[in-house]
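Residue 364, in our numbering, is where the sequence shown stops; the numbers in between run on with no holes.
Backbone N, C-alpha and C define an ideal beta-carbon position, used for all residues, glycine too.
Quick caveat: nothing in here was measured; it's all calculated off a predicted structure.
Structure, as structure tokens:
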Amino acid sequence: MLLTAIFLISCGDKKEEKEQITLEAPETTETRATTSDSNEKMVEISLTGDDQMRFNKKEIRVRAGQTVKLTLEHVGKMEKNVMGHNFVLLSQGTDINQFGQQAVQAANNDYIPQGSSNVIAHTKMIGGGESVTIEFEAPAAGTYDFICSFPGHYAVMRGKFIVE
201 MLLTAIFLIS CGDKKEEKEQ ITLEAPETTE TRATTSDSNE KMVEISLTGD
251 DQMRFNKKEI RVRAGQTVKL TLEHVGKMEK NVMGHNFVLL SQGTDINQFG
301 QQAVQAANND YIPQGSSNVI AHTKMIGGGE SVTIEFEAPA AGTYDFICSF
351 PGHYAVMRGK FIVE
């Protein structure tokens, strides 16, 4: 700083100071999916999960009938068998607690109960540093729940998937 002050003083009478301002975007819990200009039928969504059992989004909005390309990234470091994450989109009216209790019994199927009629779409289970992408058609207009079905995670790793 001292060298900078000396430099500014020695530059003469015409000193211009530029003030630099850094603006941070406010944290949001809502995501409006972005659509490609060339294909409004496709929407791309990025979702992350971390070692503190949190999704970075609490709400996702899409349009009915759109093809949803969802990428889930585990930004933590813990292994899949300790802190695995997935994305599970549940049908309307699903009892999340009951589904979560059934999911505990399905460890050999990425904690997705086999034959469940409550699952609209889901990813495989991933661990720290991994990512997975799935594509599915957005269901009919309405509000749906999404969760991570790893044992115990569904209590806090959940959000609303709103179809307009």
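Next on the checklist: Suppose you measure from the CA of residue 291 to the CA of residue 277; what does that come to, to the nearest Å?
Outcome noted: Within the sequence shown, the letter at position 91 stands for residue 291. Within the sequence shown, the letter at position 77 stands for residue 277. Rounded to whole angstroms, residue 291 to residue 277 spans 31 angstroms at the Cα level.
Item to check | C-alpha gap between residue 346 and residue 270, whole angstroms | outcome: As a first step, residue 346 is located in the sequence shown; it is residue number 146 there, counting from the start. As a first step, residue 270 is located in the sequence shown; it is residue number 70 there, counting from the start. Whole-angstrom Cα-Cα distance: 12 angstroms.
Next on the checklist: Whole angstroms are fine: how far does the CA of residue 247 sit from the CA of residue 259?
Outcome noted: Locating residue 259 in the sequence shown gives position 59, counting from the first residue. Locating residue 247 in the sequence shown gives position 47, counting from the first residue. Computed Cα separation, rounded: 10 angstroms.
Next on the checklist: My output table needs one value for residue 300: the three-state DSSP class, helix, strand or coil.
Outcome noted: Walking along the sequence shown from the start, residue 300 turns up at place 100. Here residue 300 sits in helix by DSSP.
Checklist entry - Which full runs of the alpha helix (DSSP H) of 4+ residues lie inside the segment 293 to 362, going along the chain? => result 296 to 304
Next on the checklist: Taking its Cβ as the centre, do 16 or more other Cβ atoms sit within 10 Å of residue 317, making it buried, or is it exposed?
Outcome noted: Mapped onto the sequence shown, residue 317 falls at position 117. So residue 317 counts as exposed.
Checklist entry - Just to confirm, are residue 267 and residue 336 a CB contact at a threshold of 9 angstroms? => result For this step, residue 267 is matched to residue 67 along the sequence shown. For this step, residue 336 is matched to residue 136 along the sequence shown. Taking 9 angstroms as the Cβ cut-off, residue 267 and residue 336 qualify as a contacting pair.
Next on the checklist: Output needed for residue 253: all residues of its chain with C-beta closer than 7 angstroms, excluding positions within five of it in sequence on either side, in chain order.
Outcome noted: Looking up residue 253 in the sequence shown gives position 53. So the qualifying residues of the chain are 353, 356, 357.
Item to check | Any alpha helix (DSSP H) of 4 or more consecutive residues that is wholly inside the segment 243 to 295 | outcome: 280 to 283
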